[in-house]
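Enquirer:
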Amino acid sequence: MAQVELQGITKSFGATRVLKDVNLSIEDGEFLTLVGPSGCGKTTLIRIIAGLEQQTSGSIRIDGASIDHLRPHERRIAMVFQSYALYPHMTAYGNMALPLTMARLHLYERIPLLRLLSPRRRSVMKQIDAEVQAVANQLKIGPLLQRRPAQLSGGQRQRVALGRAMVRDPAAFLMDEPLSNLDAELRVHMRTELAELHQRIGATFIYVTHDQVEAMSMSDRIAMMDGGQVAQLGTPSELYERPASIRVAQFIGSPAINILPGQVGPDGAVELLGRKLPISTRLPPGSAVSIGIRPEAIRVTGGGDPAAEVSLHAHLRRRELLGPEQILHFHLDRLESATVIVRLAGAQAPVAVDGAAELGFDPGACHVFDAEGNRVEVSRAESRAVPPQAALVQVGRAG
Ligand SMILES: Nc1ncnc2c1ncn2[C@@H]1O[C@H](COP(=O)(O)OP(=O)(O)O)[C@@H](O)[C@H]1O
Ligand SMILES: [Mg+2]
2 MAQVELQGIT KSFGATRVLK DVNLSIEDGE FLTLVGPSGC GKTTLIRIIA
52 GLEQQTSGSI RIDGASIDHL RPHERRIAMV FQSYALYPHM TAYGNMALPL
102 TMARLHLYER IPLLRLLSPR RRSVMKQIDA EVQAVANQLK IGPLLQRRPA
152 QLSGGQRQRV ALGRAMVRDP AAFLMDEPLS NLDAELRVHM RTELAELHQR
202 IGATFIYVTH DQVEAMSMSD RIAMMDGGQV AQLGTPSELY ERPASIRVAQ
252 FIGSPAINIL PGQVGPDGAV ELLGRKLPIS TRLPPGSAVS IGIRPEAIRV
302 TGGGDPAAEV SLHAHLRRRE LLGPEQILHF HLDRLESATV IVRLAGAQAP
352 VAVDGAAELG FDPGACHVFD AEGNRVEVSR AESRAVPPQA ALVQVGRAG
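The sequence shown begins at 2 in this note's numbering and counts up one residue at a time.
1. Which same chain residues, not among the five before or five after His190, have their C-beta less than 8 Å away from its C-beta?
2. Quick one: residues with CB closer than 5 Å to any heavy atom of ligand 1, in chain order, please.
3. Spatial neighbours of Ala86 within its chain, please: C-beta separation below 8 Å, excluding the five flanking residues on both sides.
4. Please classify Val387: does DSSP put it in a helix, a strand, or coil?
5. Following the continuous beta strand (DSSP E) through Gly263, name the residue where it begins and the one where it ends.
6. Taking the alpha helix (DSSP H) that Gly155 belongs to, which residues open and close that run?
7. Glu178: beta carbon under 8 Å from a heavy atom of ligand 2?
8. Return the CA-CA distance between Gly15 and Met219, expressed in angstroms with no decimal places.
9. Here's a check: name, in chain order, each residue in its chain whose Cβ is nearer than 8 Å to the Cβ of Gly347, leaving out the five neighbours to either side.
10. Can you have a look at Gly42 and say buried or exposed, based on whether 16 or more other CB atoms are within 10 angstroms of its CB?
11. Regarding Val23 and ligand 2, is the C-beta to nearest heavy atom distance less than 8 Å?
12. Is it buried or exposed, Gly164, if we count other Cβ atoms within 10 angstroms and call 16 or more buried?
13. To the nearest angstrom, how far is the alpha carbon of Pro285 from that of Phe206?
14. If Ala245 sits next to Ala382, beta carbons under 8 Å apart, how far is it from one beta carbon to the other, in whole angstroms?
15. Measuring only the C-alpha atoms, how far is Glu132 from Gln230?
16. Shortest alpha-carbon distance to Asp184 belongs to which of Ala366, Ser154, Met167, Ala166?
17. Leaving out the 5 sequence neighbours to the left and right, which residues in its chain are closer than 6 Å to Pro296 when beta-carbon positions are compared?
18. I'd like to confirm the pairing. Which residues does DSSP put opposite Met176 in its beta bridges?
19. Once the 5 residues before and after Tyr94 are set aside, which same chain residues still bring their CB inside 7 Å of it?
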């Protein structure tokens with residue numbers, strides 16, 4: 002059990018700064034995921050926590066005490082690698098017992114024949130056996146213990162590698178893309194298994210992945226990394242619903258969020274493709290902004306959409322049917338270059354391919370970002386509610 006704290010971690014390889022001031026506090030028993038595009042420094046950071054790499058500056062604390070001077074095996078931290086790093090000539094049992102025999106037996110007690118001279122060896126081995134069996138039961142690999150890695154499936158090897166980490170009863174587990182070598186089906190299965198395992202053993206997990214679905218589905222909190230820094234730290238729903246930047250918004254969620262060009266009008270209102278939205282910002286008039294709308298926040302109708310406060314004319318270019326839902330690709334009439342992706346439940350096509358449609362959305366669903374890509378707070382403009390009488394007249398006019 003451990004609380005892990007990273008304070009001002011930086012790392013340079015030669016002149017290249019790979020990590021720039023990473024600060025993170027991981028709670029005891031938390032499942033925290035470092036997610037981000039390839040090359041953003043995830044592996045480097047996790048190797049520094051494990052002690053396999055030395056940080057250029059900054060400090061790591063476990064339960065308040067610095068571990069910077071400790072060597073990897075002294076850190077009470079277990080690392081599970083992407084390639085399982087199992088010894089091929091040893092059985093699953095041998096692989097799992099190895100860290101314990103290395104720690105608890107003297108060198109001569111591990112040497113054939115010579116070891117017979119040790120009176121305490123038997124009782125130590127009995128204790129180790131009990132611990133290996135207990136972990137094997139937790140991972141449901143008891144029947145596989147006599148097999149060698151080559152005789153195990155990818156998922157089984159993964160479990161043995163996890164078991165080898167677990168027998169040391171570490172304070173925290175570090176996992177670097179542990180599922181990336183598995184096929185899609187097994188990956189989904191192992192996600193559930195890892196999340197359940199985390200609940201069962203209640204240890205601190207620091208998990209690395211470039212796969213946002215993995216991050217979203219397993220984590221208590223996510224630290225999205227970008228360019229060697231933490232771009233945002235929060236729960237999965239915080240990152241999804243209130244992304245701090247365009248980079249986070251585009252990385253989290255699939256299909257990716259739609260980003261459309263906009264600007265701030267003379268009265269502070271946000272304008273999308275020249276249309277004034279009922280939301281305003283404090284950015285100076287004329288500022289360029291980007292407006293993000295999630296694919297599931299958009300409604301599609303054939304004709305006008307009376308329920309929508311805002312709607313855009315578009316044509317359907319492509320439709321992907323995924324069973325319970327469909328992904329629709331639209332081109333906007335006002336901006337041919339912009340594709341807008343819509344995600345709809347059901348299999349019924351709202352319009353035919355090449356047909357015209359209205360894309361309606363609630364302005365509250367818009368994420369607004371400034372020219373640097375940072376999230377901008379918006380307020381709903383004064384309600385433009387019209388008295389019922391006037392509304393009737395307007396409807397009459399429109400008809
Ligand atoms: N030993 C090294 N020497 C030089 N550059 C390295 C070394 N290890 C990693 N890097 C560089 O650091 C950056 C971050 O790498 P890494 O931590 O592996 O990213 P990630 O795991 O997020 O894909 C990359 O640009 C990579 O090329
Ligand atoms: Mg990596």
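Ideal placement from N, C-alpha and C gives every residue a C-beta, glycine not left out.
Expert: The answer reads as follows:
1. Gly156
2. Phe14, Val19, Ser39, Gly40, Cys41, Gly42, Lys43, Thr44, Thr45
3. Ala162
4. Because Val387 sits at a pLDDT of 42, beneath the cut-off of 50, its placement in the model cannot be relied upon, and the point is left open.
5. 259-265
6. 155-167
7. yes
8. 35 Å
9. Pro325, Glu326, Gln327
10. buried
11. no
12. buried
13. 44 Å
14. Actually they do not touch by this definition, with Cβ atoms about 24 Å apart.
15. 39 Å
16. Ser154
17. Pro256, Ile342, Val343, Arg344
18. Val81, Tyr208
19. Val133, Leu146, Gln147
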